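Take a look at the structure set out below.
Protein chains: 2
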Amino acid sequence: MQVAERAGVSLASTSRALHGTGASRAMVDRVRAAAAELGYSPDAIGRSLRMKRTFQVAFAVADIGNPVYVEMLTAIHEVLAPHGYRVVVMSTGHTVASTIDLVRSLGSGFVDGLIVSPLRTDDELVKAIQQAPVPVVVIGRSLEKQGIDSVSTDSAAGLGQAVAHLVEIGRRRIGFVNGPLDTTPGAARQRGFDAATSGPAFAGDHAETEQADDFTVAAGLAAARRLLSRTPAAGPFDAVVAANDLLAIGVIRAAGELGLSVPGALAITGMDDTEIGRVFQPSLTSVSLGSAERGRAAARLVLDRVGDVVEPAQQIAIGPHLVVRESTLPADPPAATPADLPGAEDVAGPPASKEKSAR
Amino acid sequence: MQVAERAGVSLASTSRALHGTGASRAMVDRVRAAAAELGYSPDAIGRSLRMKRTFQVAFAVADIGNPVYVEMLTAIHEVLAPHGYRVVVMSTGHTVASTIDLVRSLGSGFVDGLIVSPLRTDDELVKAIQQAPVPVVVIGRSLEKQGIDSVSTDSAAGLGQAVAHLVEIGRRRIGFVNGPLDTTPGAARQRGFDAATSGPAFAGDHAETEQADDFTVAAGLAAARRLLSRTPAAGPFDAVVAANDLLAIGVIRAAGELGLSVPGALAITGMDDTEIGRVFQPSLTSVSLGSAERGRAAARLVLDRVGDVVEPAQQIAIGPHLVVRESTLPADPPAATPADLPGAEDVAGPPASKEKSAR
DNA sequence: GTACAGACTGGAAACGTTTCCTGTGATGGC
DNA sequence: GCCATCACAGGAAACGTTTCCAGTCTGTAC
Chain W
179 MQVAERAGVS LASTSRALHG TGASRAMVDR VRAAAAELGY SPDAIGRSLR MKRTFQVAFA
239 VADIGNPVYV EMLTAIHEVL APHGYRVVVM STGHTVASTI DLVRSLGSGF VDGLIVSPLR
299 TDDELVKAIQ QAPVPVVVIG RSLEKQGIDS VSTDSAAGLG QAVAHLVEIG RRRIGFVNGP
359 LDTTPGAARQ RGFDAATSGP AFAGDHAETE QADDFTVAAG LAAARRLLSR TPAAGPFDAV
419 VAANDLLAIG VIRAAGELGL SVPGALAITG MDDTEIGRVF QPSLTSVSLG SAERGRAAAR
479 LVLDRVGDVV EPAQQIAIGP HLVVRESTLP ADPPAATPAD LPGAEDVAGP PASKEKSAR
Chain V
179 MQVAERAGVS LASTSRALHG TGASRAMVDR VRAAAAELGY SPDAIGRSLR MKRTFQVAFA
239 VADIGNPVYV EMLTAIHEVL APHGYRVVVM STGHTVASTI DLVRSLGSGF VDGLIVSPLR
299 TDDELVKAIQ QAPVPVVVIG RSLEKQGIDS VSTDSAAGLG QAVAHLVEIG RRRIGFVNGP
359 LDTTPGAARQ RGFDAATSGP AFAGDHAETE QADDFTVAAG LAAARRLLSR TPAAGPFDAV
419 VAANDLLAIG VIRAAGELGL SVPGALAITG MDDTEIGRVF QPSLTSVSLG SAERGRAAAR
479 LVLDRVGDVV EPAQQIAIGP HLVVRESTLP ADPPAATPAD LPGAEDVAGP PASKEKSAR
C-alpha cells in the first residue's frame, strides 16, 4: 500500500488510522495527510474480500421500463445509498426458470442481498430463495409460510375499492380488463374483481372480464376493443376497471375510438397510481399500491438482514388506497380542466409529493 | 477451495478445469462433477481482486425516474448483460460538485467503467473525468476537444425540425417552453430555437420563450400558463414547442384549461419521443433523440474501452428525427382517433417496435 | 536407448484490504 | 523502584481467485 510507505508506517496502522479506530491522534493526521496527497481511496474489492461484504444490493424485475418498477428502484436507491450501499439492476427474465437462475447466481457473492419482484412464482423458485446464500426480499405476494421476507400489498382489496367506487357513482355494468392470469398480480386482481362483483352490493348488476396479453397500453387497447364491441343484455358497459394504469390508458384510447366520453359514458379506473396516469387527460382514477413505499420497505428489510438481525421472516403489507381523479368523476366536466380538480392538484405538485400521498 | 479438495486436485487445476483452458479431459470431468455436487460457483470478489476486473459498469444520472434515462438504462442493460457485465445505478445528484464526487469515487474501483449523463458540466468535472481511473463515457454534449468519449445528439437541430414542421403546417406565432438554461440540454435547445426562428424562413413571424423551473409536467404547466396568458401583437400563439415531452404534456394541460383545442387552436411538439407522449391523448408530436440508441452506443463504447481498445476518444452522434403525431395534425380531427393515425399505430405496436423506429 | 518435445499438474505468489496477536513503550500505583 | 496496566504500533494471516513457473510424465523421433 503506497499510503503506508508514504506515511512511513505499517499497513495495519494505516488501515486503523483511516478507519478511525484505535490510532493515536498523530498517526491519524499523518496517514490522512499522506492519503490526501496521493488521492488515495480504499479499494472496494480488497475490502469486500476481507470483510465478506460487497456493499451492494441487487434489484431484479422482469422489465425495468415499467413505471412501477422505476418508482421502486428510485425508492430503493434513496434508502440504500445513504447507508453506503450500491444498487445493481438485474433482469429476472420473463420465465420462472430464468428467475431461478438469477437467484442461484447469488452464489458468486457479488451482492449482499437481493430485492426481487417476480411476475411468476413456483415451488422451485421458492426453494431457491429459501436456500439463497444472501438475504432475499420478495416484493409481491406474502410468503409467510415459506419463511421468506416479503413486502406485499392487497391488490385484490384494491380492486374491491375500485369496484365499490364505481358502484357508488352509479355504475352498474362493469367490465374488467385484466393482464395475464398466470402472473401473480393477474391472479390476485382477478380474485379481487370476482369477489367484489359477487357480493350483495353488486347483486343484479353486470360484470365481465376480458384478458389482455400483457400489462401494456397496446394490450389494453386491444382487449378493450374486444370487450366494448360486446353489449351485455343489461345494456352497454358504463365502467371499466383496468388491472393497471397502462391497461387503463389503452382502455381510454379504445373509448376514444368508439366515441365514448370518459367518464360520461364510460368511467375508467387504473391501478398503481403512476405518473403517467396522474398527468393523463383525463387524469386517471387509480388504486395506489404504494410502489415507492413498498420499495422503501423492501430496502429497509434487506438492510436489516445484511446487519445481524436474525428475527423470523417478516411480512410487510402496504394497504391499497383509491385516488379519485377525472376518469371517474360523477358529472362529465367540460373540456377545460378546472384548477381545483384532484387531478390538476396532483399535476401541480412537485415529484416528491407523490411519495407523501402514497403513505 | 472445497472443490479442489473434493476432486482431490490442486487449486490451479481446478481453476483451469472450470475455466476450460489447458486441462485434460479427465481433469475437467472430475472437477466439474465435484463442483456440481457442491453447487459451487466461483466467487466474484476473489476473481475481481485477482483479475483487476469487476465486470460492473455504473450508469449515473440525476434522476433515474426520468423516462429518457429509463430508456437508456434498459438499453445499456441489454447490451452489457450478455457480455457478463452488471449495471450499477448511481445518482449524480443535481449539482456539478456531487457529480465530481461521484467520478472521484471511481477510484475505489468498484466498476470497470462509467456511463454518465450530467445535466450540468464545468471545467472541473471535465478534468475529473479525464483523470478518472476507469473509462468514462458521457452522454450529452460532444467532448471531442477534451479527449473524452461521448455520445451526443444534436438537440438544437432537433428543435429546428420541430419549428420547421410547425411553419410547414402554417403556424406563425410560436412559443417555446424551455427548461432551465443553465443545464446542457436547456442551453442547446435554446440555441436551436433561436437559430430556427431567426432564419429567413421565419421572417416576420413571432417567437417567444418562457422558461420552466425544471423538465417536469408541473413546471411545464406553470410555464405554459404564463406564456399563454400573454397575447403577442401579431395575434395569439398558434403553436408551442416544448423542450421535452413532460413539459409538452404540461403545455397540453394548460391549453385544456384555457379551452384551446390541440392541435386546432394550438399545435404542440415535445422532445425525446417517450412512451408517455406516444400514448397521450392527443398523441404527441415529438423529436426523437434516440435515447435507447444513445444508451446502446454508450454501452458499446464502454465495452470497447474496458477491452484493450486504446484508440483516441470517440464521438458518436445520433441524429434527431421528428415523429409527427396528433398534436400537430394540420386539420383538427374529430374526437375519435381513426385507426390509421400515426399515433394510433405507435400505440398498437409492441414495445419492441419503438427501438426499431428510433434507429 | 537416449534425448527432446509436448501435455499436463502442482506449488506458490499476487491482488488490497482488515484484524488478530504480539510486542514495546509509557504511565501510574504501591 | 518495581510491577501491572494501558495505549498504541507492526507483523502476519486470511479472504478466493488466477496465473506464472517449475516439475513430472508420456510419447516420439533419431
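Here the protein sequences line up with chains W and V, keeping their order. First residue of the first sequence? That's 179 in this note's numbering, and the numbers climb one at a time after it. First residue of the second sequence? That's 179 in this note's numbering, and the numbers climb one at a time after it. Beta carbons: idealized from backbone N, C-alpha and C, even for Gly. As the structure is a prediction and not an experimental result, all values here were calculated from the model.
Exercise. What are the residues that DSSP puts in a beta bridge with T331 of chain V?
Worked result: Along the second sequence, one-based indexing puts residue 331 of chain V at 153. DSSP output for T331 of chain V lists V:I496 as bridge partner(s).
Exercise. In whole angstroms, what is the alpha-carbon distance linking A536 of chain W and E249 of chain W?
Worked result: Start at 1 with the first residue of the first sequence, and residue 536 of chain W comes out as number 358. Start at 1 with the first residue of the first sequence, and residue 249 of chain W comes out as number 71. Legend: pLDDT at A536 of chain W = 34, less than 50; position of this residue unreliable, value from coordinates given subsequently. Straight-line Cα distance between these residues: approximately 11 Å.
Problem set entry | Start and end residues, alpha helix (DSSP H) containing G382 of chain V | Residue 382 of chain V sits at position 204 when you count from the first residue of the second sequence. Unbroken run through G382 of chain V: none, as it is neither H nor E.
Exercise. Between the stretch 498-508 of chain V and the stretch 461-471 of chain V, do three or more beta carbon pairs fall short of 8 Å?
Worked result: Contact holds: three or more Cβ-Cβ distances are below 8 Å.
Exercise. Based on Cα-Cα distance, which residue from V:L406, V:A396, V:G442, V:A412 lies nearest to N159 of chain V?
Worked result: Outside the modelled stretch of chain V, which goes from 179 to 537, sits residue 159 of chain V, for which no answer is possible.
Exercise. What number of angstroms, rounded off, separates the C-alpha of M449 of chain W from the C-alpha of L196 of chain V?
Worked result: Within the first sequence, residue 449 of chain W is the residue found at index 271, counting from 1. Within the second sequence, residue 196 of chain V is the residue found at index 18, counting from 1. The alpha-carbon separation between M449 of chain W and L196 of chain V amounts to approximately 48 Å.
Problem set entry | Inter-residue spacing [alpha-carbon to alpha-carbon] between V316 of chain W and P508 of chain V | Position 138 of the first sequence, counting from 1, holds the residue named residue 316 of chain W. Position 330 of the second sequence, counting from 1, holds the residue named residue 508 of chain V. Put simply, the backbone Cα of V316 of chain W is about 50 Å away from that of P508 of chain V.
Exercise. Is the stretch 291-299 of chain V in contact with the stretch 442-461 of chain V, if contact means three or more CB pairs nearer than 8 Å?
Worked result: no
For this session: For A514 of chain V, name the three-state secondary structure that DSSP assigns.
Result: In the second sequence, counting from the first residue as 1, residue 514 of chain V sits at position 336. Note that A514 of chain V scores 43 on pLDDT, short of 50, meaning its location in the model is unreliable and no value can be drawn from it.
Exercise. Skipping 5 residues on each side, what residues in its chain have a beta carbon closer than 6 Å to that of P414 of chain W?
Worked result: Translated into positions along the first sequence, residue 414 of chain W becomes position 236. Nothing listed; no residue qualifies.
Exercise. Looking at the C-beta of T252 of chain W, does it have a partner C-beta in chain V at a distance below 8 Å?
Worked result: Within the first sequence, numbered from 1, the residue matching residue 252 of chain W stands at position 74. It does; some Cβ of chain V falls within 8 Å.
Exercise. Are the C-beta atoms of R155 of chain V and some chain W residue less than 8 Å apart?
Worked result: Past the boundaries of the shown model lies residue 155 of chain V; chain V is included only from 179 to 537, so the question cannot be answered.
For this session: Flag G434 of chain V as yes if its beta-carbon sits less than 8 Å from any beta-carbon of chain W, otherwise no.
Result: Mapped onto the second sequence, residue 434 of chain V falls at position 256. Chain W, which has a Cβ nearer than 8 Å to the Cβ of G434 of chain V, makes this yes.
For this session: Go ahead and label D510 of chain V buried or exposed: buried means 16 or more other beta carbons lie within 10 angstroms of its beta carbon, across all protein chains shown.
Result: Residue mapping note: residue 510 of chain V aligns to position 332 of the second sequence, counting from 1. With a pLDDT of only 48 at D510 of chain V, under the threshold of 50, the placement of this residue in the model should not be trusted; the figure read from the coordinates follows. Its Cβ having fewer than 16 others within 10 Å, D510 of chain V is exposed.
For this session: Output the distance between the C-alpha atoms of I254 of chain V and A475 of chain V, rounded to the nearest integer angstrom.
Result: As a working note, residue 254 of chain V is residue 76 in the second sequence. As a working note, residue 475 of chain V is residue 297 in the second sequence. So the two alpha carbons sit approximately 8 Å from each other.
Problem set entry | Contact with chain V by Q459 of chain W, beta-carbon distance below 8 Å | The residue you call residue 459 of chain W lines up with position 281 of the first sequence. By this cut-off, Q459 of chain W is an interface position.
Problem set entry | Outcome for Q309 of chain V when other beta-carbon atoms lying within 10 angstroms are tallied against a minimum of 16 | To locate residue 309 of chain V, count along the second sequence from 1; it is residue 131. Counting Cβ neighbours within 10 Å, Q309 of chain V comes out exposed, since fewer than 16 surround it.
For this session: Could you spell out the range, first to last residue, of the alpha helix (DSSP H) harbouring I293 of chain V?
Result: The residue given as residue 293 of chain V occupies position 115 in the second sequence. From DSSP, I293 of chain V is part of no alpha helix (DSSP H) but of the beta strand (DSSP E) over 291-295.
Problem set entry | According to DSSP, residues forming a beta bridge with A417 of chain V | To locate residue 417 of chain V, count along the second sequence from 1; it is residue 239. A417 of chain V pairs with V:I352, V:A445.
Exercise. Taking Cβ positions only, does L361 of chain W come closer than 8 Å to chain V?
Worked result: Within the first sequence, the letter at position 183 stands for residue 361 of chain W. The amino acid occupying residue 361 of chain W in the given sequence is Thr; Leu does not appear at that position. Not an interface residue.
Exercise. Which word fits A481 of chain V, buried or exposed, when buried means at least 16 other C-beta atoms lie within 10 angstroms of its C-beta?
Worked result: Counted from its first residue, the second sequence places residue 481 of chain V at position 303. The amino acid occupying residue 481 of chain V in the given sequence is Leu; Ala does not appear at that position. Under this definition L481 of chain V is a buried residue.
Exercise. Assuming F393 of chain W contacts L424 of chain W under a Cβ cut-off of 8 Å, what Cβ separation, rounded to an integer in Å, is found between them?
Worked result: Within the first sequence, residue 393 of chain W is the residue found at index 215, counting from 1. Within the first sequence, residue 424 of chain W is the residue found at index 246, counting from 1. For a cut-off of 8 Å, the C-beta gap from F393 of chain W to L424 of chain W is around 6 Å, short enough to register as a contact.
Problem set entry | Whether V429 of chain V touches V355 of chain V by CB criterion (8 Å) | If you number the second sequence from 1, residue 429 of chain V lands on position 251. If you number the second sequence from 1, residue 355 of chain V lands on position 177. Contact flag set, yes.
For this session: Within the same chain, show all residues whose beta-carbon is closer than 6 Å to that of S320 of chain W, passing over the 5 residues directly before and after it, in chain order.
Result: Counting from 1 along the first sequence, the entry for residue 320 of chain W is found at position 142. Around S320 of chain W: S328, S330, Q493.
For this session: Note down, in chain order, all residues in the stretch 202-231 of chain W with a beta-carbon under 9 Å from any beta-carbon belonging to chain V.
Result: G217, Y218, S219, P220, D221, A222, I223, G224, R225, S226, L227, K230
Exercise. Can you give the beta carbon distance from E322 of chain W to A491 of chain W, rounded, assuming they're within the 8 Å contact cut?
Worked result: As a working mapping, residue 322 of chain W is identified with position 144 in the first sequence. As a working mapping, residue 491 of chain W is identified with position 313 in the first sequence. About 7 Å separates the two Cβ atoms, so the contact holds.
For this session: Please specify which runs of the alpha helix (DSSP H), each continuous and at least 4 residues long, are wholly inside the stretch 208-281 of chain W, giving them in chain order.
Result: 222-229, 245-258
For this session: Would you check if the distance between the CB atom of A401 of chain W and the CB atom of A390 of chain W is smaller than 8 Å?
Result: The residue you call residue 401 of chain W lines up with position 223 of the first sequence. The residue you call residue 390 of chain W lines up with position 212 of the first sequence. Contact: yes.
Exercise. Along chain W, which residues have their Cβ under 9 Å away from the Cβ of H255 of chain V?
Worked result: If you number the second sequence from 1, residue 255 of chain V lands on position 77. Chain W residues near H255 of chain V: I242, V267, M268, S269.
Exercise. Hey, how far is the Cα of G497 of chain W from the Cα of A211 of chain W?
Worked result: Mapped onto the first sequence, residue 497 of chain W falls at position 319. Mapped onto the first sequence, residue 211 of chain W falls at position 33. Cα-Cα distance, rounded: 53 Å.
Exercise. L258 of chain W to Q368 of chain V, Cα distance in whole Å?
Worked result: As a first step, residue 258 of chain W must be located in the first sequence, where it is residue number 80. As a first step, residue 368 of chain V must be located in the second sequence, where it is residue number 190. Using only the alpha carbons, I get a separation of about 37 Å.
Exercise. Taking the C-alpha atoms as reference points, what is the distance between L251 of chain V and V235 of chain V?
Worked result: Here residue 251 of chain V is taken as the residue at index 73 of the second sequence, counted from 1. Here residue 235 of chain V is taken as the residue at index 57 of the second sequence, counted from 1. Roughly 11 Å separates the two Cα atoms.
Exercise. In three-state terms, what does DSSP make of V187 of chain V?
Worked result: Here the question's residue 187 of chain V lines up with position 9 in the second sequence. Coil.
Exercise. How close, in whole Å, do the beta carbons of I326 of chain W and V314 of chain W come, if the pair is a contact with beta carbons under 8 Å?
Worked result: Here residue 326 of chain W corresponds to residue number 148 of the first sequence, with the count starting at 1. Here residue 314 of chain W corresponds to residue number 136 of the first sequence, with the count starting at 1. 7 Å between Cβ atoms; contact.
Exercise. Does the beta carbon of R404 of chain W come closer than 8 Å to any beta carbon on chain V?
Worked result: Counted from its first residue, the first sequence places residue 404 of chain W at position 226. Cβ-Cβ to chain V under 8 Å: no for R404 of chain W.
Problem set entry | Terminal residues of the alpha helix (DSSP H) in which H440 of chain W lies | Residue mapping note: residue 440 of chain W aligns to position 262 of the first sequence, counting from 1. In the sequence as displayed, the identity of residue 440 of chain W is Val instead of His. First-last for V440 of chain W: undefined, no H or E at that position.
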